[in-house]
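A.B. asks: One structure, pasted below without further comment.
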Amino acid sequence: MSRAPKPHGDDAAPLYLSFANNALLGALYGEHDRYLARIEQALGVSLASRGNQLAITGRPEATEKAKRAMLGLYDVLEKGLPVTAQDVDAALRMVVADEPAGNGDGVARLVADDTVITTQRRRIIPRSPAQVTYMRALQESELVFGIGPAGTGKTYLAVAVAVAMLTHGQVDRIILSRPAVEAGERLGFLPGDLREKVDPYLRPMYDALYDMMPSDRVMDRLQSGVIEIAPLAFMRGRTLSNAYVILDEAQNTSPVQMKMFLTRLGENSRMAVTGDLSQVDLPTGTRPGLSEALAVVGEVEGVSVVRFSHADVVRHRLVTALVRAYEVREREVKEP
24 MSRAPKPHGD DAAPLYLSFA NNALLGALYG EHDRYLARIE QALGVSLASR
74 GNQLAITGRP EATEKAKRAM LGLYDVLEKG LPVTAQDVDA ALRMVVADEP
124 AGNGDGVARL VADDTVITTQ RRRIIPRSPA QVTYMRALQE SELVFGIGPA
174 GTGKTYLAVA VAVAMLTHGQ VDRIILSRPA VEAGERLGFL PGDLREKVDP
224 YLRPMYDALY DMMPSDRVMD RLQSGVIEIA PLAFMRGRTL SNAYVILDEA
274 QNTSPVQMKM FLTRLGENSR MAVTGDLSQV DLPTGTRPGL SEALAVVGEV
324 EGVSVVRFSH ADVVRHRLVT ALVRAYEVRE REVKEP
């Protein structure tokens with residue numbers, strides 16, 4: 024496998040990397056070298072492989088980023104984890120985000136011991152700098168707020184940490200909650216029992232559960248109550264102990280609902296609250312409970328607030344572009 028370098032006007036001498044395990048290079052470079060091509064495109068470098076050596080040609084700052092990305096991805100493979108196109112994009116986000124601080128250790132955080140979540144079906148690694156911070160907060164703090172746009176992994180990672188803690192006996196149950204039908208909890212007109220009424224609103228959480236646990240295990244734990252679906256309106260009066268509690272779509276809670284939810288926290292429990300303040304479905308003029316909560320918690324010990332931006336969107340690259348386009352459009356509409 025060999026790729027010829029492409030010349031660049033301000034290129035320095037090529038930077039050479041050598042890899043000890045040739046067997047990993049197919050996975051590192053991707054089918055038909057597509058991962059190399061992705062890094063070339065993103066960083067403006069040329070990558071040429073020969074044997075176990077990789078030559079990186081380009082501007083010095085870009086070749087350094089490419090080097091860190093390649094070494095970080097190689098480290099992922101050495102630890103027995105697969106490398107996907109999403110992981111390549113994650114490595115690129117990390118090296119670009121490292122630039123202002125110049126700390127150079129961003130990609131290493133992809134496989135740090137405290138940022139790898141192991142569940143029954145997969146091992147999960149962070150795919151953006153904010154996800155690194157969020158994953159650590161979810162494991163260390165009793166109450167975590169994950170705030171930001173869709174596609175940043177707020178709910179998925181919260182469910183992943185909850186499943187891992189349940190599997191390892193750190194909590195006895197998982198409780199999933201979400202405002203149903205905007206913020207009004209108007210469930211009565213829907214057909215079926217309570218579970219059937221709220222299932223459509225909790226589908227993202229179900230999807231995450233099935234991604235991390237065998238389907239029969241998910242069903243067993245739902246039936247036994249180890250995993251519980253609890254609409255926000257039905258949380259009142261409860262004290263939730265020995266549980267990992269997740270409130271999704273929290274931007275659609277009222278201040279009263281949010282206060283009620285947060286004060287349900289019991290002994291040996293954790294809470295994760297996720298929401299996107301740009302997607303509020305409350306009546307015009309109503310202050311979201313999530314905004315109120317963020318103003319109240321401030322510097323309260325044991326509370327972590329992690330904010331995501333469009334740069335942390337980890338779905339298809341087109342999703343990132345769409346999020347940015349909508350943000351621009353919304354600003355244009357608001358301006359006189």
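Under our numbering, residues 24 to 359 are what the sequence shown spells out, in order. Every residue gets a Cβ at the ideal spot worked out from N, C-alpha and C, and that includes glycine. The structure presented is a predicted model; accordingly, all values stated were derived computationally and were not measured.
1) Helix, strand or coil for Glu122, going by three-state DSSP, please let me know.
2) Could you pull out every residue in the same chain whose Cβ sits closer than 6 Å to the Cβ of Ala266, ignoring the five residues on either side in sequence?
3) Nearest to Ala433 by alpha carbon, out of Arg150, Leu66 and Pro311?
4) Taking Glu165 as the reference, give the member of Arg244, Asn75, Leu94 and Leu285 with the closest Cα.
5) Between which two residues does the alpha helix (DSSP H) holding Leu68 run?
6) With Val279 and Arg150 assumed to form a contact (beta carbons below 8 Å), what rounded beta-carbon distance in angstroms separates them?
7) So, with DSSP's three-state summary, where would you put Thr190?
8) Excluding the 5 residues flanking Pro37 on each side, which residues of the same chain have their C-beta closer than 7 Å to its C-beta?
9) Given this structure, state the Cα-to-Cα distance separating Arg116 from Glu63, to the nearest angstrom.
10) Can you tell me which residues form a DSSP beta bridge with Phe168?
11) In whole angstroms, what separates the C-alpha of Pro30 from that of Leu70?
12) Can you check DSSP and say which residues form a bridge with Arg196?
13) Determine the burial state of Thr262: buried for a count of at least 16 other Cβ atoms within 10 Å of its Cβ, exposed for fewer.
14) Relative to the alpha-carbon of Ile140, which residue among Met236, Val320 and Val328 has its alpha-carbon at the smallest distance?
15) Per DSSP, which one or two residues make a beta bridge with Tyr39?
16) Can you list, in chain order, the residues of its chain whose CB lies under 7 Å from that of Met188, leaving out five sequence neighbours each side?
17) Are there 16 or more other CB atoms within 10 angstroms of the CB of Ala41, so buried, or fewer, so exposed?
18) Count the other C-beta atoms from every protein chain shown that fall within 10 angstroms of the C-beta of Val111, then say buried if there are 16 or more, exposed otherwise.
19) When you compare each of Gly74, Val249 and Thr178 to Ala295 by their alpha carbons, which one comes out closest?
20) Measure the C-alpha to C-alpha separation of Ala92 and Ser247 and round it to an integer number of angstroms.
21) Name the residue from Tyr233, Gln109 and Arg226 whose alpha carbon lies nearest to the alpha carbon of Asp372.
22) Which residues bound the alpha helix (DSSP H) around Arg251?
23) To the nearest angstrom, report how far apart Pro311 and Arg330 are at their CA atoms.
C.D. replies: Let me lay it out:
1) Only weak support exists for where Glu122 lies, its pLDDT of 48 falling under 50; the coordinates are left without a value.
2) Val194, Arg196, Ile198 and Ser292
3) With the chain represented from 24 up to 359, any question about residue 433 goes unanswered, as that position is not in the structure.
4) Leu285
5) Position check: residue 68 holds Val in this sequence, whereas Leu was assumed. From DSSP, Val68 is part of no alpha helix (DSSP H); its letter is neither H nor E.
6) With 8 Å as the limit, Val279 and Arg150 do not qualify as a contact, their Cβ atoms being about 36 Å apart.
7) helix
8) Apart from the 5 residues on each side of it in sequence, Pro37 sits with its Cβ closer than 7 Å to the Cβ of Pro28, Ala78, Ile79 and Thr80 in its chain, given in chain order.
9) One C-alpha to the other measures close to 14 Å.
10) Val296 and Val328
11) Interpretation of Pro30 is limited by its pLDDT of 49, a score under 50 that renders its predicted location unreliable; no figure is taken from the coordinates.
12) Ala266
13) exposed
14) Met236
15) Ala78
16) Val194 and Tyr267
17) Ala is not the amino acid found at residue 41; the sequence shown has Ser there. Around the beta carbon of Ser41, fewer than 16 other beta carbons sit within 10 angstroms, so the residue counts as exposed.
18) Buried, by the Cβ-count rule.
19) Thr178
20) 45 Å
21) Residue 372 cannot be examined here, being either before or after the span of the chain that is shown, 24 to 359.
22) The sequence given here places Glu at residue 251; Arg does not occur at that position. It is not in any alpha helix (DSSP H) - Glu251 instead sits in the beta strand (DSSP E) that spans Ile250 to Ile252.
23) 17 Å
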